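Residue numbers (the working numbering): 320 to 556.
Printed below as a string of structure tokens:
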């Protein structure tokens, strides 16, 4: 009798562990995505300040260089800090799904941005057709891993709407990329410059798309309380 009770308690403990590790409480990692949007928003403001001083005071004005470097360092340092902070927070939750998403996004954001940084510094100087093509392809290094991470997020969380929206954006992005259409950018205080519309769409995704994703998880957890991965069990029933 005592042996049967012990086995039953072991089974209950195992079931509890499985439920805890597969729970769908994404309220903690929701803040991670919101902060990604905030970091990119701050970087965008710094970038606009760089263009403002460049337009009003010229390329040699000291703040142009300061804001130019700050734009890149805010992103990379912000991503690294976010990854370590949320790694510690989510580690205590012992949640495989949230930890898996954090690792994917950490690798994508930090890794792809380091590749972009290296790519830009290894790119030869000049202004010819080959250099312009290489410069335009730079944005692919930044956005393709992000698209992959969005798809993986939809799969891990079993949220079909995320995968559908990602697929739609992927199609729109490649249409814009191949069209090579440009738009004015950084025009506060002067003429600014021209950037591709596809590149501008990346900025929109990294700011508003990330905040929207975080709010989607946060509001969803509050409204539906779908804390555990019971969807697959209900489907089987």
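Backbone N, C-alpha and C define an ideal beta-carbon position, used for all residues, glycine too.
Keep in mind the model is a prediction, meaning the values are calculated, not measured.
Give me the Cα-Cα distance between residue i and residue j, rounded to the nearest whole angstrom.
i: residue 378; j: residue 415; result: 49 Å
i: residue 536; j: residue 347; result: 9 Å
i: residue 469; j: residue 482; result: 7 Å
i: residue 439; j: residue 496; result: 19 Å
i: residue 487; j: residue 510; result: 33 Å
i: residue 309; j: residue 494; result: Missing from the structure shown is residue 309; the chain here goes from 320 to 556 and no further.
i: residue 539; j: residue 491; result: 27 Å
i: residue 402; j: residue 428; result: 10 Å
i: residue 452; j: residue 443; result: 12 Å
i: residue 430; j: residue 446; result: 28 Å
i: residue 455; j: residue 376; result: 27 Å
i: residue 474; j: residue 368; result: 39 Å
Comparing C-alpha positions only, which one of the options sits nearest to residue i?
i: residue 364; options: 395, 498, 507, 517; result: 507
i: residue 398; options: 422, 501, 534, 376; result: 422
i: residue 433; options: 445, 387, 457; result: 457
i: residue 498; options: 483, 505, 514; result: 514
i: residue 532; options: 485, 418, 489; result: 485
i: residue 505; options: 435, 479, 374; result: 374
i: residue 409; options: 501, 381, 349, 530; result: 349
i: residue 406; options: 418, 500, 392; result: 418
Per DSSP, which residues does residue i bridge with? Please list them.
i: residue 504; result: 512
Do we get a CB-CB distance below 8 Å when we pair residue i with the residues of chain B?
i: residue 509; result: Looking for chain B here will not work: only one protein chain is present.
### Query
Quick one: any contact between the stretch 518 to 535 and the stretch 456 to 470, if contact means 3 or more CB pairs under 8 Å?
With the cut-off at 8 Å, the stretch 518 to 535 and the stretch 456 to 470 touch.
### Message
Closer than 8 Å is the cut-off here; do at least three beta carbon pairs connect the stretch 382 to 389 with the stretch 525 to 535?
### Response
Contact between the stretch 382 to 389 and the stretch 525 to 535 is absent, with fewer than three C-beta pairs closer than 8 Å.
### Query
If you scan the stretch 362 to 435 from start to end, which runs of the alpha helix (DSSP H) of 4 or more residues do you find wholly inside it?
Correct list: 381 to 410, 415 to 425.
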